[in-house]
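To start, the structure under review is shown below, and the notes come after it.
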Amino acid sequence: MIVLGRIVAPFGIQGWLKIHPFGDDALSWRSMPHWWVSTDPDAPAESWSQRKLVGCRAHGKGLVAALEGVDDRNAAEAAEGWYIGAPREALPKPAADEYYWG
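Counting from 1 along the sequence shown, just add 2 to a position and that's the residue number in my numbering.
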């Protein structure tokens, strides 16, 4: 599992999440229909929970996103601290001079 970022705070009252990305091109994550979340960045891949991406946009130096099952501020507060990840094969292909670290 490649760890892409971390949920740092709720955003608004409708369950959106503020995300701190660990890479340079976080908006490319929008091409992935599902994201994976875990409280432990070192957890084995089968321990990560797959969530459907409902929405995603740039916000300041990071992102805000909506994930299926996180429908209100209370759920977003419970998700604070979760890590966002994806299996290597689910990620967009990196450019010739780039690579995924993990």
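Cβ coordinates follow ideal geometry from the N, Cα and C atoms, glycine included.
So what does DSSP say about residue i, is it helix, strand or coil?
i      : result
Trp103 : coil
For residue i and residue j, what's the separation of their Cα atoms in angstroms?
i     : j     : result
Asp73 : Pro12 : 11 Å
Met3  : Ile86 : 10 Å
Thr41 : Leu19 : 15 Å
His36 : Asp99 : 26 Å
Taking the alpha-carbon of residue i as reference, which of the options has the nearest alpha-carbon?
i     : options                     : result
Leu29 : Ser49, Glu48, Tyr102, Leu65 : Leu65
Ala68 : Gln16, Val10, Arg8, Val5    : Gln16
Ser51 : Trp84, Pro23, Ala78         : Trp84
**OP:** Counting only runs of 4+ residues fully inside the region 42-101, write out the alpha helix (DSSP H) ranges in chain order.
**Re:** Whole alpha helix (DSSP H) segments, 4+ residues: 75-81.
Original post:
Any contact of the region 93-103 with the region 50-62, i.e. 3+ C-beta pairs under 8 Å?
Top reply: Note that the region 93-103 does not touch the region 50-62; fewer than 3 beta-carbon pairs, one per stretch, sit closer than 8 Å.
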